[in-house]
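Each residue of the sequence shown is one higher than the one before, counting from 1 in this note's numbering. All residues carry an ideal CB built from backbone N, CA and C; glycine is no exception.
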Amino acid sequence: RYPRPERGLLSRPGLEEVFAYRRHVDEAVLGLLAADRLPAEAGGLIELGLHHEQQHQELILTDAKHLLSRNPLKPAYQKQWPLTAIRAREPRWIAFEKGLREVGHSGHDFCFDNETPRHRVWLDAFRIASHPVTHGDFIDFIEDGGYRRPELWLSAGWDAVTAGGWEAPLYWERREDGWHLFTLHGEVPVDRNTPVCHVSFFEAEAFARWANARLPTEAEWEVAARDASRAGNFLESGALHPLALRGAPAEGRLAQAFGDVWEWTRSDYGPYPGYRPVAGAVGEYNGKFMCGQYVLRGGSCVTPAAHVRATYRNFFPPQARWQFSGLRLAREA
1 RYPRPERGLL SRPGLEEVFA YRRHVDEAVL GLLAADRLPA EAGGLIELGL
51 HHEQQHQELI LTDAKHLLSR NPLKPAYQKQ WPLTAIRARE PRWIAFEKGL
101 REVGHSGHDF CFDNETPRHR VWLDAFRIAS HPVTHGDFID FIEDGGYRRP
151 ELWLSAGWDA VTAGGWEAPL YWERREDGWH LFTLHGEVPV DRNTPVCHVS
201 FFEAEAFARW ANARLPTEAE WEVAARDASR AGNFLESGAL HPLALRGAPA
251 EGRLAQAFGD VWEWTRSDYG PYPGYRPVAG AVGEYNGKFM CGQYVLRGGS
301 CVTPAAHVRA TYRNFFPPQA RWQFSGLRLA REA
């Protein structure tokens, strides 16, 4: 098999062939929906397919960014840079009391099967940061020798650092005038005020240890994000890059919980209590990946806005960096 990160470097169909295939699929689906007798299972499968397509809309952009970054000319996907400088707000710690909480999707509307069944979990009292970690925070970590201090890293994480020669998040480059990073708009100076992205679970976990904190569990994140604003920097904004927060969030609520960057949690990706994959091929959609991966929450700047919710569970291996992935800190109460 050809390595997945390099698959876009292969020759691929021309644009007209892609459009022709898309028209073929659209016409076939529309014909099915217009049929006098729609198979009973078709509606659910089509809905699942639409949400699956949204996932690939995001992955196409993350793959395109990775491929463009490999080009020595560093071409831009979209030349216009829509961002204006704005100072990041200092994060606050938001406290949550201990207690028995319900997490997971209620099942009243669409969700992926890995979001179910809804169940109860015990949470000890915890605090979670009101804002995600910024590029400026991560520069402080780098300048304090974060990538040269094995005591901050998990053993497998330190192996990844040494094997990959990591010195900063993916797409960063140190120059005489400071750090620059590659974006879908081309290369730009690192903005200290925007949420850091393209960090692996290993990097997020090491940063949290350096900051005398930890990553939240996915249950803590879900409980904390329930009352957070669903408005955010998603694909539809056109920014295609994390933005600094504009305005102040409501007191006691998370800022930028949805959009900007997927946030790593400390929870490994596994089945909820009572989870049962459905029979057939659809049952493989999520269940077969429940090994060796960690959960991310919240969506990113290239996620379609309608695609995310508080119960949504994304997942990637701990060394993955090409996704728009960042972090938010947590501590014990």
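| Query | Result |
| --- | --- |
| Can you tell me whether T217 is helix, strand or coil according to DSSP? | coil |
| For V103, which residues in the same chain have their Cβ closer than 6 Å to its Cβ, ignoring the five residues on either side in sequence? | V121, A219, E222 |
| Can the beta-carbon of H198 be found less than 7 Å from the beta-carbon of L170? | yes |
| Grab the span of the alpha helix (DSSP H) containing W210 for me, first residue to last. | 201-210 |
| Taking the Cβ atom as the reference point for each residue, do N314 and W264 lie within a distance shorter than 7 Å? | no |
| Roughly how many whole angstroms lie between the Cα atoms of A248 and W322? | 30 Å |
| Check whether the region 286-306 and the region 110-121 touch, using three or more Cβ-Cβ pairs below 8 Å as the test. | yes |
| Around the C-beta of G335, are 16 or more other C-beta atoms found within 10 angstroms, so that it is buried, or is it exposed? | It is not possible to answer for residue 335, since the shown part of the chain is limited to 1 through 333. |
| DSSP on V295, reduced to helix/strand/coil? | strand |
| Rounded to a whole number of angstroms, what is the C-alpha to C-alpha distance between Q256 and W166? | 27 Å |
| Could you have a look at E102 and say whether DSSP puts it in helix, strand or coil? | strand |
| A330 lies in the beta strand (DSSP E); which residues open and close that run? | 330-332 |
| Based on the DSSP secondary-structure assignment, which residues constitute the bridge partners of I128? | I94, A330 |
| CA-CA distance, P273 and A306? | 27 Å |
| Skipping 5 residues on each side, what residues in its chain have a beta carbon closer than 7 Å to that of G270? | M290 |
| Does the beta-carbon distance from T303 to L235 come in below 7 Å? | yes |
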